[in-house]
Amino acid sequence: METAPPSADPQVVDLARMSLPRLMFALLHRRFTGTISLTPPAADVPGRSADAGARRVWFQGGMPIFTDFSSPHDSIGQVLVDLGLIEPAERDRAMAELARLAQPGAPRERFGHYLVRRRLLTGGQLRKALRVQCARKVVHLFALRTGTVQIVAGDAAAAETDASQPTQVNSLELIHAGVVAHFDPRRIAAEMGLLLDGPLRLRSSFDRYRNQFHFSKGDEAIADALRPGNLYVTDVARLSGQPEARVAAVVYTLWACQMLKSANAPPEQATGPNATLPEATGSSIPVLKNSKPAGRESLRAAEFAGELERLEAAIAGGANAFDLLGLATTADRAQIRAAWHVLSRRFHPDSLPHQGLAHLRERSQAVFAALSEAYQRLSDDAQREQIVALLRGGQPLTRGPAGPSAQQVLESEVVVREGDKLLRAGNFDRALERYRAAAALNPEELEIRAALAWCEYQLAADKAALRDTTRAALFEVLARQPRCVRAHYDLGLLSLGSGDDEQALLHFNQVLELEPDSIDAKRQIHAIQLRRSTPEGPRRKLFGPRR
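Read in the UniProt record's numbering, the sequence shown has 449 at position 449, and its numbers run on one by one without any break.
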């Protein structure tokens with residue numbers, strides 16, 4: 001295929017420095033017309049051989065209109081079938097007939113043209129299918145993490161000739177589809193860095209372009225939850241009822257499209273390096289002018305190191321639990337939990353390597369342990385009230401005996417997760433081993449005590465004989481940590497086992513108060529209500545493995 005002469009020397013962009021979603025938005029922002037050629041490393045080419053080479057995409061007015069690379073699952077015939085415009089049998093017959101009519105050495109009629117000529121398809125239906133085909137093929141490119149993009153401003157005449165009936169693909173919808181398909185939370189966090197862990201705010205431009213994203217119902221709920229501003233990802237997930245991974249995908253899409261920023265940023269501050277493109281088609285202005293990523297990475301490291309130093313100084317100075325978590329003494333449980341979610345995510349040692357902050361891991365371990373201790377103390381009503389009383393009386397706070405080290409806390413968390421997986425699989429004996437190992441690392445963790453009591457009950461030959469003992473152990477956990485979801489849930493299961501549906505409902509409803517998205521509690525409540533609606537029916541098994 002011949003392309004129009006470029007209006008300027010091609011410019012090369014490194015995908016490792018500027019992701020495809022941000023590049024696509026930059027092209028849209030300046031209504032770029034021309035071609036981009038993506039050349040990925042051979043190992044990164046999705047579904048292609050090592051000699052796949054560059055893939056070109058033609059743009060008109062900032063939107064893709066045509067691609068020249070093949071994708072086996074995105075042939076025009078398959079797209080037409082997927083859209084329900086033709087039946088598979090019709091497609092196969094038409095392809096066979098087109099092949100039969102082909103003359104050696106003569107140009108072969110395009111499949112779409114043939115269908116329109118035979119009145120098996122309308123021109124409008126063909127344009128729709130070509131637009132969907134182009135979008136589907138371009139979405140595959142979002143999987144590329146590295147490689148180069150050569151950008152040439154010019155005209156789209158070649159694409160118009162080759163694509164038969166080119167139609168523009170909605171770039172905003174395309175960017176979101178590519179992010180959802182190929183950007184997992186780790187990839188998003190690596191690019192957004194500390195911004196993802198901080199409070200977020202929508203830009204005013206989002207209202208103008210919101211409908212162009214064609215968000216799903218769940219994504220619309222996420223956008224609505226973001227509207228008040230100054231919210232963290234965990235807050236948005238709770239308010240929207242959507243998983244954090246999905247919230248992160250929507251947040252990244254809006255950030256890449258410059259429609260979301262940090263709530264702490266002043267109005268004139270950009271949230272990332274902006275791309276500048278030619279004002280008009282055919283301009284000789286360089287297509288991209290990007291800030292150096294090294295400076296941005298250094299800024300992230302400096303900001304994080306500053307946060308660490310502030311907390312290290314506070315810990316060394318004997319700061320109380322409220323100060324460490326950045327809370328007022330009037331903070332309620334929801335505020336305490338929200339603060340902990342943000343801080344634990346930001347300072348968890350395991351989250352640092354993929355942010356390029358591995359050199360600060362050892363310092364972060366000590367800070368994380370202190371934050372964890374502060375959260376545990378404030379989560380306990382008695383300890384929290386004691387701290388408040390001492391602060392009001394001007395008395396110094398005394399520290400208890402030394403708790404587990406940061407490494408022990410981290411190891412116990414990993415072991416507990418292993419035990420939870422075994423518990424969900426019904427492997428109670430191995431789960432008990434893991435919980436005992438976790439208890440040895442972190443003896444005072446009440447969540448582990450509840451897990452131990454439940455596993456021992458499940459392994460008992462005579463469960464009825466052990467039921468009261470297990471119930472007492474779980475209530476003891478709640479006496480010290482009333483918001484322990486695991487203890488409430490297990491007490492609900494114990495009540496079911498003894499036939500006390502009313503008590504079970506109380507515990508499962510308490511779980512929902514603490515964790516509104518708990519699938520297990522909702523399932524148990526639904527099962528009780530269903531059984532009550534058919535009192536004469538057979539008693540069903542009410543609980544299965546946890547999720």
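For every residue, glycine included, the Cβ atom is placed at its ideal position computed from N, Cα and C. Quantities reported herein were computed from a predicted structural model and do not represent experimental measurements.
{"Asked": "Neighbourhood of Pro41 by C-beta distance below 8 Å, restricted to the same chain and skipping five residues each side", "Found": "Thr146 and Gly147"}
{"Asked": "Nonlocal neighbours in the same chain, by C-beta distance under 6 Å from Ala431, ignoring five residues either side", "Found": "Gly419, Leu422, Leu423 and Cys455"}
{"Asked": "The segment 196-211 in contact with the segment 227-234 per 3-pair CB rule at 8 Å", "Found": "yes"}
{"Asked": "Contact set for Leu343: own chain, Cβ-Cβ below 7 Å, skip 5 residues either direction", "Found": "Leu325 and Leu371"}
{"Asked": "Under the three-state DSSP convention, the category Gly537 falls into", "Found": "Any answer about Gly537 is weak, because its pLDDT of 48 lies below 50 and its placement is not dependable; what the coordinates show is given next. In this structure, Gly537 counts as coil in the three-state DSSP scheme."}
{"Asked": "Boundaries of the beta strand (DSSP E) in which Ile36 is found, first to last residue", "Found": "Gly34 to Thr39"}
{"Asked": "His359 burial status per 10 Å Cβ neighbour count (16 or more: buried)", "Found": "exposed"}
{"Asked": "Through-space distance from Val57 to Val138, alpha-carbon basis", "Found": "8 Å"}
{"Asked": "Backbone secondary structure at Arg119 - three-state DSSP", "Found": "coil"}
{"Asked": "Own chain partners of Ala270 with C-beta closer than 7 Å, once the 5 adjacent residues on each side are dropped", "Found": "Low confidence applies here, because Ala270 scores a pLDDT of 42, under 50, leaving its location unreliable; read the following figure in that light. Within the same chain, Ala270 has no close Cβ partners at all."}
{"Asked": "Per-residue burial, Lys261 [other beta carbons within 10 Å of its own, 16 or more giving buried]", "Found": "buried"}
{"Asked": "For Val169, the three-state DSSP class (helix, strand or coil)", "Found": "coil"}
{"Asked": "Host alpha helix (DSSP H) of Met24 (start-end)", "Found": "Leu20 to His29"}
{"Asked": "Distance CB(Ser205)-CB(Met63) smaller than 7 Å", "Found": "no"}
{"Asked": "Reference Val233, options Gln60, Arg346, Asp490 and Ile387, closest by Cα", "Found": "Arg346"}
{"Asked": "Length at least 4, wholly inside the segment 96-142: the alpha helix (DSSP H) runs in chain order", "Found": "111-117 and 123-141"}
{"Asked": "Bridge partners - Pro64, DSSP secondary structure assignment", "Found": "Phe59"}
{"Asked": "For Ser262, the three-state DSSP class (helix, strand or coil)", "Found": "strand"}
{"Asked": "As assigned by DSSP and simplified to three states, the class of Leu357", "Found": "coil"}
{"Asked": "Buried/exposed call for His176, threshold 16 Cβ in 10 Å", "Found": "buried"}
{"Asked": "Cβ-Cβ distance between Leu452 and Val477 below 7 Å", "Found": "no"}
{"Asked": "Buried or exposed by the 16-neighbour rule on C-beta atoms within 10 Å, applied to Ser70", "Found": "exposed"}
{"Asked": "Beta-carbon separation (whole angstroms), Ile151 vs Ile36, contact threshold 8 Å", "Found": "5 Å"}
{"Asked": "Helix, strand or coil at Asp224 [DSSP, three-state]", "Found": "helix"}
{"Asked": "Range of the contiguous alpha helix (DSSP H) that encloses Arg203", "Found": "Premise fails: Arg203 is in no alpha helix (DSSP H) and is neither H nor E."}
{"Asked": "Ala223 vs Leu174 beta-carbon contact at 7 Å", "Found": "no"}
{"Asked": "Rounded separation between Ala99 and His214 - CA only", "Found": "39 Å"}
{"Asked": "Cβ-heavy atom distance, Val152 to the ligand COA, below 6 Å", "Found": "Of the ligands one can find in the structure shown there are none, so the ligand COA has no counterpart to examine."}
{"Asked": "Outcome for Asp74 when other beta-carbon atoms lying within 10 angstroms are tallied against a minimum of 16", "Found": "buried"}
{"Asked": "Three CB pairs or more closer than 8 Å across the segment 484-501 and the segment 456-474", "Found": "yes"}
{"Asked": "Residue span of the beta strand (DSSP E) that contains Ala153, given as start and end", "Found": "Thr148 to Ala153"}
{"Asked": "Nearest residue (CA-CA) to His488, options Leu505, Asp500, Ser498 and Val180", "Found": "Leu505"}
{"Asked": "When Gly84, Gln510 and Ala153 are compared against Leu121, the one with the closest alpha-carbon", "Found": "Gly84"}
{"Asked": "For Asp462, the three-state DSSP class (helix, strand or coil)", "Found": "coil"}
{"Asked": "Residue closest to Asp97, alpha-carbon to alpha-carbon, out of Arg118, Met259 and Arg131", "Found": "Checking the sequence shown, residue 97 turns out to be Glu, not Asp. The residue with the shortest Cα to Cα distance from Glu97 is Arg118."}
{"Asked": "Beta-bridge pairing of Asp14 - partner residues as DSSP gives them", "Found": "Thr148"}
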